[in-house]
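Residue numbers (UniProt numbering): 1 to 333.
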């Protein structure tokens, strides 16, 4: 079966000692307001200790109008979880995710907000692959990432404690990532529809990998869907292109014979939640997570005399994964 068909199939093997993490996450943004939801169903299996594998539920509600966000996490023994690819169905305790939507709740970890959700999917585009497809069956990169359903619309509700919030046509995506370890350092970004450009979609990352004592140069694969065309600037060797990020600002540029892309994704410090991810080989990573970031992208396509300016006022995804703690954010869960 090709990656086009098995993009959401679980890669987890309960008897493997290799270590594994795997997540299916959904994100959505209010059509016009700086409000967002992120919900993540995760498998964590530590290296050489598969009997200690667990299922995790994560959720964040971002309220950019009031400068607040609400973070939730639950953990369950792997015996209380089920993972199926045909048909696609992920269950962690009583929380379910399939290709029609997701329903569940989280908040059993100390310090968590109790968050409940019942969301249905509509719309959506064909899967988007951040890497060339042949890399998904190779050993490099170890961490794989794809967008199973770009350009989704989310309808339903979430509850923050007892506060029910209705969602109507929130724009977002359903995503899948997995591997034996987390990428050593990365910035990841996504825009599920630029302002005034329905159907547009941007996925990109800037990543550095440590090989023994040495760091690779930063690799920046970019895939842009615009006006019915997909522009994949993600071949392995051409991905060594110019990009730089810091807390909490990221600039990037790339070009091919068809297109030139130059952009920036950024957010205020208060727009991020700081999460702590366990790494299967051991240790921890900190994920600085925002779903209400800003994006400005300048696109020049072959044959056009002037560039197109794309903008996302407060609905871009922006994450940074690091072991560093100098970002100044407090770990929330």
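Even glycine gets a Cβ: it sits at the ideal position worked out from N, Cα and C. Since we're looking at a predicted model, the values are computed, not measured.
Would you check if the region 171-190 and the region 307-318 touch, i.e. whether three or more CB-CB distances between them fall below 8 angstroms?
yes
Beta-carbon gap between residue 30 and residue 170 smaller than 7 angstroms:
yes
Three-state secondary structure assigned by DSSP to residue 96
strand
DSSP state of residue 150 mapped onto helix, strand, coil
strand
From this set, 72, 54, 97, which residue's C-alpha is nearest residue 24's C-alpha?
97
Euclidean distance between Cα positions of residue 356 and residue 266
Outside the modelled stretch of the chain, which goes from 1 to 333, sits residue 356, for which no answer is possible.
Suppose the cutoff is 6 angstroms on Cβ atoms and the five residues either side in sequence are ignored; what does the same chain contact list for residue 247 look like?
327
Does residue 268 pass the burial test, meaning 16 or more other C-beta atoms within 10 Å, or should it be called exposed?
exposed
Within 10 Å of its beta-carbon, does residue 15 have 16 or more other beta-carbons around it, so buried, or fewer, so exposed?
exposed
Since residue 276 is in the beta strand (DSSP E), which residue starts that stretch and which ends it?
273-278
Would you please state the rounded distance, in angstroms, between the beta carbons of residue 280 and residue 19? I believe it to be under 8 angstroms.
3 angstroms
Closer than 6 angstroms: residue 68 CB and nearest the ligand FAD heavy atom
Only the bare structure without any ligand can be found here, which leaves the ligand FAD out of the picture.
Residues in the same chain with beta-carbon distance under 7 angstroms from residue 142, minus the five sequence neighbours each way, listed in chain order, please.
179, 180, 181
Strictly by DSSP, which residues pair up with residue 155?
120
For a test of the three-state rule: what should DSSP assign to residue 21, helix, strand or coil?
strand
Could you check how far apart the C-beta atoms of residue 307 and residue 298 are, in whole angstroms? I think they sit under 8 angstroms.
5 angstroms
Would you call residue 64 buried or exposed, if buried means 16 or more other Cβ atoms sit within 10 Å of its Cβ?
buried
Kindly indicate which three-state DSSP category residue 235 falls into: helix, strand or coil?
coil
Roughly how many whole angstroms lie between the Cα atoms of residue 241 and residue 254?
6 angstroms
Does DSSP put residue 135 in a helix, in a strand, or in coil?
helix
Residues near residue 72 by beta carbon distance below 6 angstroms, same chain, minus five either side
59, 106, 107, 112, 113, 115
On the criterion of 16 or more Cβ atoms from any shown chain inside 10 Å, does residue 312 qualify as buried, or is it exposed?
buried
Going by DSSP in three states, residue 106 sits in which element: helix, strand or coil?
strand
Length of the line joining the Cα atoms of residue 300 and residue 249:
22 angstroms
Could you check the C-alpha separation between residue 52 and residue 46 for me, to the nearest Å?
7 angstroms
Got a sec? Which residues, its chain only, sit under 8 angstroms from residue 88 by beta carbon, not counting five neighbours each side?
8, 9, 98, 99
Is the beta carbon of residue 62 closer than 7 angstroms to that of residue 292?
yes
Tell me the rounded alpha-carbon separation between residue 196 and residue 4.
29 angstroms
Whose CA, out of 136, 217, 125, lies closest to the CA of residue 172?
125
Quick check on the DSSP output: the beta strand (DSSP E) that includes residue 222 runs from which residue to which?
222-226
Have a look at residue 218 and residue 209 and give me their C-alpha separation to the nearest angstrom.
8 angstroms
Give me the Cα-Cα distance between residue 145 and residue 332, rounded to the nearest whole angstrom.
24 angstroms
Please check the pair residue 334 and residue 258, which I expect to be a contact at CB under 8 angstroms, by giving their CB distance rounded to whole angstroms.
There is simply no residue 334 to check, as the chain begins at 1 and stops at 333 in what is shown.
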